Each structure stands twice: as C-alpha cells, then as structure tokens.
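Read the structure below first, then the notes.
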Amino acid sequence: MKNFRTCSLIMGLFLLASKGLAQPSANEILDRVDRNTYSETSILESSMTINGRRGSRTMTVRTYSVGDTQSFSEYLSPPRDAGTKMLKLEDQLWIYSPATDRIIQISGHMLRQSVMGSDLSYEDLMEDRKLTDVYEAEFLGEETMDGRPAYVLHLKARVPDLAYDSRKIWIDAERFVPLREDLFAKSGQLLKKTIFSDVKQIDGRWYPTTMVFKDMLKQGDGTEFKVLTIRFNEDIPEHIFSKASLRR
Amino acid sequence: MIKFLIKGLIRDKSRSRLPIIVVTIGVFLTVWLHAYIKGFMGETIELNARFTHGHVKVMTRAYAEEMNQLPNDLALLDVSSLMEDLSQQFPDMEWAERIQFGGLLDVPDEQGETRAQGPAAGMGLDLLSKDSREAERLGLERVLVRGSLPEQPGEALISEVFSKKMDIQPGDEITLIASSMNGSMVMYNFKVSGTLSFGVEMLDRGTILADIEDIRMALDMQDAAGEIIGFLGGGYYEDKLAKETAGAFNAQYEEDPDEFAPVMKTLGQQGSMDTYIQMAGVWSYYISLVFIFAMGLVLWNAGLLGGLRRYGEVGVRLAMGEEKGHIYRTMIYESVIIGLVGSVIGTSLGLLLAWYMETHGINIEGMMDGASMMMPNTIRCRITPPDFYLGFIPGVLSTVIGTALSGIGIYKRQTAKLFKELEA
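Sequence order for the protein chains is A and B. As numbered in the working numbering, residues 287 to 534 make up the first sequence, in order. As numbered in the working numbering, residues 190 to 613 make up the second sequence, in order.
Below you can see the structure in the form of structure tokens.
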C-alpha cells in the first residue's frame, strides 16, 4: 500500500512536470508569437481588398518598417490612391496626398478613422509594439481552429494608451502564429475580429499571409489583407523615414 | 323686411357705423393675426427646410436609415438622370442636389505643413450654376461677413468664427480632409472666398460651404449626391401635399428590393421635425383659439351694449304696439347684417394686409444683429383656407349672441309701464 502511494505520487509529479514542459506559459506563447511576427526591419508589399456594401476595391501598398518606431507606406494602386504616402515616426503619423501636395499630421480622433475605407484604423497601423511589451497574457485553454491545435489566450492591457483594452487570441500551438483575434474595448464590447490564414514559412519563421479584418461596428464583409512579398531584416536607407521622402 | 332693415341701418348711422367699425376691427385683427402666426411658425420650419431637410428629401433607402451620420458611401448614384425624372414627374417643385459631410479643415503654414486644424461640418450645393437658387435660398449674401461668394471652382466659404480661430483670411488656402464615397481618406484644397456668420453656434462652429462639383471631386462622388431636396411649388411646407408627393414617388420603387433604391421622405418624416411640425400646429391652433375667444368677448360686449343702448327705441316701438317677438327678431336680423358686413370688410382688410406681408414680408434684419438663434429675418404672413371664414366666428356669432342677450330684456318690459317711462 505504501509502495502504491509512493508510485502514485511519483507518477503524478511526473505527469505534472511533463505537462509543464509540453505547454509553455501564456507569456511564453506570446513571446513565441512576437518572435515570428516581429522583426528589426521589413519590406512588405501587400494588397488590401475592401469589401464594402457597394462592392469591392483593391489597393496595393509597399511598406518599409524599422522595429516598432518607424514605418513608411506608399500606395501603388489604384491610380486615384497611387502616390499617397504615410510616415510613422514614434507616435506621430503624417500622410501625404499628391493631389493637394500637402503633408498632414494625423492626430487625435482622426487616428480612429478608417484607413482608405478599410476595416483598419490609423490607430491599428500605429500599433506595432510587441504584444509582450503591452499586454499581460492569461492562458484560457486549448481549442482546434480550422483543424489546427490552438492555444487560447486572454490579453489584458498593461499600458494605458492602447487602442484595445483586451484581446482574445487563438494561437497555432505548433507554429506560434495567431489564427484568430477578437479585440475588445474597455467596456467589453467586441470592436474587431481578425482571421489569419495561409500561414507560410518565410525566412525561417511562420507568417500568416492572409488576414481578414472585420470592424464589428461597420457594415460590409471586412477587409482582406494579403501579403504579396515580405523581406525581413533587410537594410533600409535612413532617408526613407523622413518627411522629405513623402514628397519625393 | 331685410331690405327695410338694411335701409334703416344705412339711414340711422348711429345704429350701424360704430358696430360695423368695431366688428371690422375685431375681424381684421383675428384674420391677420391668424395668418401671421401661421407665417411665423411656418417660416421657422422653412428655415430648417432650406438648410437641411427640404420639403421632401430623396435619398437611398440605406442612407435614409442612417441619415444622421451623413453616410455618403450610401449616396445616390446617377443623380443627373434622377433629377430629370423628378423635374418631369413633379414640374411644380424645385429640386436641389446636396452633399453633407463631416471632416477636418487643415490650415497650412509656409512650408505647407499643418499650422492649425479643426473639425468641420460641410455642405456641397450648387453655387456656380447660373439658374441655381441655392445661395438665395440660404441667404448667403446676407450672412456674408468678409470676402465674396464663390465665383469659380475651388472656392469655399467658411464660418467667420472658424476663420478667426484658425487665423484664416479670404484668399487663404485650406485643405479639407474627409472620407470619400468609398471610405478613403481624401484631401482637397480650397481657396477661402469669404466668411459667413449665421448667428447660430452650431453653424458657426466650423462650417464649410462649397460648390457641389468641387465636393464631388473631393469626395470622389461623380454624378452622386447624398440627398436631393425638393421644395413645393407654393413655397411653404404642406404636410399633406408633401406626403402625397412622397407617396407617389415611393410607389414607383415599391417592388424594388435594392437597398440603394431612392426613397422620398417628407420634412415631417425626418429626425425630430415631425414633433416640431405637430407642436407648431397645436401652438398655432391654441394661440388662434385664445385670440378668437378674446375677440369674441369684445364683439359680444359690443353687441350687448348696442342692444342696451336702444332701450328707449324698444320702449317706443312697444308703446306703438309692435310685438315683442317682432322687435326681438328685427334686432337679431340687424345684428346678423352688421356682423356679416363687418366680417366681410374685416376679413377683406385682414387678407389684404396678410397678402402684402406674405408677398413682401417685413424686413427685421436690423433687429436681428447679434441674435443667438436661427430666426427668420423677414416676418411673413401665410394665408390659409381658415383665414377666409375664421373671422366670421367672432364677427357674426358674438354680435348676434350679444344682441340676443341684451334683447331678452324686451320680454321683461310691460306696456303699461312704458307710458310712464315715456312721460318721465
């Protein structure tokens, strides 16, 4: 009897230990996600298809980013939007419109406006910080999402200036990329929903190349964001991240 | 007998002149005041109609559901053809395309970077077409403080308060930042041609007005408009007529399931205007009722006094053997004639003044300086069907009732006593 109790205790401890080894903590999961999605620099060409109530339209954008502080985007098509440029430096955002030859700083409530009529706001574009830097993660459980095992985490803001106070995020348990994300306001209202798919291995990291953003307060079928090409950790000339380059 | 009575009234001026003058004045005031109340109440409704609601407004069904948010992504398309259809179907009405929008006005510094920025509520309306009545409709000349109205594309008017706050002068360039019809953020440069002061905080806070073609260019709304507003031929809002017009228009699209099919809403069906129109109607009714009642009392009193004044005459007639009932009836007939004559003259004079004030109005612009609310600068009357018969209620009824009451005394007098009275 004594031996049986000892064996049970050892087996229980073993099971606990093995479980602890197999399943990383919530913050570790988040850190693995950051390592996949965050890079020192990136050059991204993407298409954004906005599915509105009156039809769809697609635009293409080239974006240069350095960490979470500098980003420069140029709209390549359609012709009406081509030449529009956006520059983000730290927490400031400027937009250049070739039609008016004006550089306008976007601030205050304008940051909550939709980008080009999409389901994304300028605030969403501004938010490039690592999730681990701004959210406290709590493990909620495991689920299967589109046939993939996924960890479900609840993220609660730990800095005051975030667009979304909390998030519920489904993370691929093997590739550590987000599969779905629900974004909530402080009141608990669901504001946006994002579905990530077409996960590909690029430069040794898993990266979702299709994202569908849905602003829950807006009608329409959401905005589909497709990564056409992406290069990580490439050298980007410093002059790109200057206001002078907006007019070039 | 009527002829005899009329002759009597004409020959004995003391029996007719003063009573007719009193009735005429009373009826004149009743008719004119009713038309004035209708006109004043209506003018406030008309101001709202001219600025935002129209007498009727055509939008897409989807736009109509969210019209408070000015959802230009749900705007009407192919507007020129719709305008033609409306003009053909309702030839007596005036139609105007409008685009209302919200956005930011950005003022550049010498380097072309943001110097000042503020929220703006704007409207695109036809300011440059030769036959457009939009500038006149909004009284833009009157509220212009500095500069001039737009004379060419690319010019805009902004509120005086906003121009001072942002330190903008006529001739300066500003940039409008707004959402295009498909939701993109758009920028468009305007040259400020002039500044406006409506005297209403809501409008003076940050208004920008520009020609609709410029706004179409700015918001990527080619041949589109958020709204087409219509004005009834009479120039005044008639709820019943507006409903009939809207009903006739909407019947054409009843079978169309498209959420972007046009729908016509009357002024009373937009926002809180329904309550206001009903309130204005009730107010107008009660004010008129109180005045008619007051005038009724005055005229009744006049009739009463007129009857009592003829105490001696009645005594003589009774002494001469005239029947009490006959005297009473002739006095009633006389009061009917006096009431009718006074009412006809009073109604005619009241309608004449009301017509003059409806056509020309009385300009009180000088009294409106510094006014803090949107009020009409011209007082106008409005003649409605009740004005043609309303004055007869106090004019005839009160005079007759007054005479009838005073005449009751006839039956209390005894012939035997009359001779003593006459001797005395």
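We put the beta carbon where it would ideally sit given N, CA and C, even for glycine. Quick caveat: nothing in here was measured; it's all calculated off a predicted structure.
**Asked** Is there at least one Cβ from chain B nearer than 8 Å to G338(A)'s Cβ?
**Response** If you number the first sequence from 1, residue 338(A) lands on position 52. Cβ-Cβ to chain B under 8 Å: yes for G338(A).
**Asked** If you draw a straight line from the alpha carbon of Q411(B) to that of G343(B), how long is it in whole angstroms?
**Response** Position 222 of the second sequence, counted from the first residue, corresponds to residue 411(B). Position 154 of the second sequence, counted from the first residue, corresponds to residue 343(B). In a straight line, the C-alpha of Q411(B) is about 16 Å away from that of G343(B).
**Asked** Which class does Y493(A) belong to by DSSP, given the choice of helix, strand or coil?
**Response** Looking up residue 493(A) in the first sequence gives position 207. It is a strand residue.
**Prompt:** Does the beta-carbon distance from L327(B) to F240(B) come in below 8 Å?
**Reply:** Start at 1 with the first residue of the second sequence, and residue 327(B) comes out as number 138. Start at 1 with the first residue of the second sequence, and residue 240(B) comes out as number 51. For L327(B) and F240(B), yes; Cβs fall inside 8 Å.
**Message:** Does the structure place the stretch 397–405 of chain A close enough to the stretch 413–429 of chain A that three or more beta carbon pairs sit under 8 Å?
**Reply:** no
**Message:** Let me check understanding here. Comparing Cα to Cα, which of A345(B), T249(B) and S382(B) lies closest to R335(B)?
**Reply:** Residue 335(B) sits at position 146 when you count from the first residue of the second sequence. Ranking the options by Cα distance to R335(B), first place goes to S382(B).
**Message:** My output table needs one value for P464(A): the three-state DSSP class, helix, strand or coil.
**Reply:** Residue mapping note: residue 464(A) aligns to position 178 of the first sequence, counting from 1. P464(A): strand per DSSP, three-state reduction.
**Item:** In chain order, each beta strand (DSSP E) run of at least 3 residues that lies wholly inside the stretch 417–488 of chain A
**Value:** 421–431, 434–443, 452–458, 464–470 and 476–488
**Request:** Out of I590(B), P574(B), G596(B) and Y600(B), point me to the one whose CA is closest to H223(B)'s CA.
**Result:** Taking the second sequence and counting its residues from 1, the one referred to as residue 223(B) is at position 34. Of the listed residues, the one whose Cα sits closest to H223(B) is P574(B).
**Item:** Contact set between the stretch 493–527 of chain A and chain B, restricted to residues whose Cβ is under 8 Å from the partner
**Value:** none
**Message:** Let me confirm a value: P364(A) is counted as buried when at least 16 other C-beta atoms fall within 10 Å, else exposed. Which label applies?
**Reply:** Within the first sequence, numbered from 1, the residue matching residue 364(A) stands at position 78. P364(A) is exposed by the Cβ-count criterion.
**Item:** Unbroken stretches of the alpha helix (DSSP H), 4 residues or longer, contained in the stretch 333–421 of chain A
**Value:** 408–412 and 417–420
**Message:** Please tell me whether M562(B) has its Cβ less than 8 Å away from any Cβ of chain A.
**Reply:** Within the second sequence, residue 562(B) is the residue found at index 373, counting from 1. Unreliable positioning characterises M562(B) in this predicted model, as indicated by a pLDDT of 47, which lies under 50. A coordinate reading is not provided.
**Prompt:** So does the stretch 489–498 of chain A actually touch the stretch 506–516 of chain A, counting three or more Cβ pairs closer than 8 Å?
**Reply:** yes
**Asked** Among S276(B), I199(B) and N257(B), which residue has its Cα nearest to the Cα of F438(B)?
**Response** Within the second sequence, the letter at position 249 stands for residue 438(B). The shortest C-alpha separation from F438(B) is found at S276(B).
**Request:** Compute the Euclidean distance between the alpha carbons of Q413(B) and D315(B), then round it to the nearest angstrom.
**Result:** As a working mapping, residue 413(B) is identified with position 224 in the second sequence. As a working mapping, residue 315(B) is identified with position 126 in the second sequence. Gln is not the amino acid found at residue 413(B); the sequence shown has Ala there. Distance between the alpha carbons of A413(B) and D315(B) is about 13 Å.
**Prompt:** Under 8 Å Cβ-Cβ, which residues of chain A neighbour G372(B)?
**Reply:** Position 183 of the second sequence, counted from the first residue, corresponds to residue 372(B). Within 8 Å Cβ-Cβ: I336, G338, S400, M402, G403 and S404.
**Request:** Excluding the 5 residues preceding and the 5 following L441(A) in the sequence, name in chain order all residues of the same chain whose CB lies nearer than 8 Å to its CB.
**Result:** By one-based count along the first sequence, residue 441(A) stands at place 155. Once the five neighbours on either side are set aside, the close Cβ partners of L441(A) are L316, L417, Y421, E422, A423, E424, S452, R453, K454 and I455.
**Item:** N-terminal and C-terminal residue of the beta strand (DSSP E) that Y426(B) is part of
**Value:** Numbered from its first residue, the second sequence carries residue 426(B) at position 237. Premise fails: Y426(B) is in no beta strand (DSSP E) and is neither H nor E.
**Prompt:** If we call anything under 8 Å between Cβ atoms a contact, is I417(B) one with M272(B)?
**Reply:** The residue labelled residue 417(B) in the question sits at position 228 within the second sequence. The residue labelled residue 272(B) in the question sits at position 83 within the second sequence. Taking 8 Å as the Cβ cut-off, I417(B) and M272(B) qualify as a contacting pair.
**Request:** Could you have a look at D409(B) and say whether DSSP puts it in helix, strand or coil?
**Result:** As a position in the second sequence, residue 409(B) is number 220, starting the count at 1. It is coil, neither helix nor strand.
**Asked** Which residues mark the beginning and the end of the beta strand (DSSP E) in which M248(B) is found?
**Response** Here the question's residue 248(B) lines up with position 59 in the second sequence. Run containing M248(B): V245 to T249, per the beta strand (DSSP E) assignment.
**Asked** Can the beta-carbon of D432(A) be found less than 8 Å from the beta-carbon of L469(A)?
**Response** For the purposes of this step, residue 432(A) is identified with residue 146 of the first sequence, where counting begins at 1. For the purposes of this step, residue 469(A) is identified with residue 183 of the first sequence, where counting begins at 1. Not a contact, by the Cβ cut-off of 8 Å.
**Prompt:** Do D458(A) and V485(A) have their C-beta atoms closer together than 8 Å?
**Reply:** The count along the first sequence starts at 1 and reaches residue 458(A) at position 172. The count along the first sequence starts at 1 and reaches residue 485(A) at position 199. Yes.
**Request:** Compare the beta carbon distance of S359(A) and D414(A) with 8 Å and say whether it is the shorter of the two.
**Result:** Translated into positions along the first sequence, residue 359(A) becomes position 73. Translated into positions along the first sequence, residue 414(A) becomes position 128. Contact: no.
**Message:** For D354(A) and I526(A), what's the separation of their Cα atoms in angstroms?
**Reply:** Here residue 354(A) refers to the residue found at position 68 of the first sequence. Here residue 526(A) refers to the residue found at position 240 of the first sequence. In a straight line, the C-alpha of D354(A) is about 15 Å away from that of I526(A).
**Request:** Could you name the residues of chain A that A251(B) contacts, counting a contact when the two beta carbons are closer than 8 Å?
**Result:** Along the second sequence, one-based indexing puts residue 251(B) at 62. Those within 8 Å of A251(B) in chain A are R339.
**Message:** Quick check on the burial criterion: 16 or more other C-beta atoms within 10 angstroms. Buried or exposed for R287(B)?
**Reply:** Mapped onto the second sequence, residue 287(B) falls at position 98. It counts as buried.
**Message:** When you compare the CB of R348(A) with every CB in chain B, is at least one pair closer than 8 Å?
**Reply:** For the purposes of this step, residue 348(A) is identified with residue 62 of the first sequence, where counting begins at 1. It does not; no Cβ of chain B falls within 8 Å.
**Asked** For the stretch 364–390 of chain A, which residues have a beta carbon sitting closer than 8 Å to at least one beta carbon of chain B?
**Response** R366, D367, I381, S383, A385, T386, D387, R388, I389 and I390
**Request:** Verify the CB distance criterion: does M396(A) have a CB-CB separation below 8 Å to chain B?
**Result:** For the purposes of this step, residue 396(A) is taken as the residue at position 110 of the first sequence. It does: the Cβ of M396(A) has a partner Cβ on chain B nearer than 8 Å.
**Cutoff 6 Å; reference S538(B); Cβ partners in own chain excluding five residues on either side** = By 1-based counting over the second sequence, the position of residue 538(B) is 349. For the sequence presented, residue 538(B) should be read as Leu rather than Ser. These residues qualify, in order along the chain: F217.
**Message:** I'd like to know whether the C-beta of T573(B) is nearer than 8 Å to at least one C-beta of chain A.
**Reply:** Mapped onto the second sequence, residue 573(B) falls at position 384. No - not a single Cβ of chain A is within 8 Å of the one on T573(B).
**Message:** Short of 8 Å in beta carbon distance, which residues of its chain neighbour S269(B), apart from the five on each side in sequence? Order them along the chain.
**Reply:** Position 80 of the second sequence, counted from the start, is the residue given in the question as residue 269(B). Within the same chain, S269(B) has close Cβ partners D412.
**Separation of T386(A) from N378(B), as counted between CA atoms** = The count along the second sequence starts at 1 and reaches residue 378(B) at position 189. The count along the first sequence starts at 1 and reaches residue 386(A) at position 100. Cα to Cα, N378(B) sits roughly 6 Å from T386(A).
**Prompt:** Mind checking whether G492(B) and V589(B) have CB atoms under 8 Å apart?
**Reply:** To locate residue 492(B), count along the second sequence from 1; it is residue 303. To locate residue 589(B), count along the second sequence from 1; it is residue 400. Against a cut-off of 8 Å, the Cβ pair of V589(B) and G492(B) comes out as a contact.
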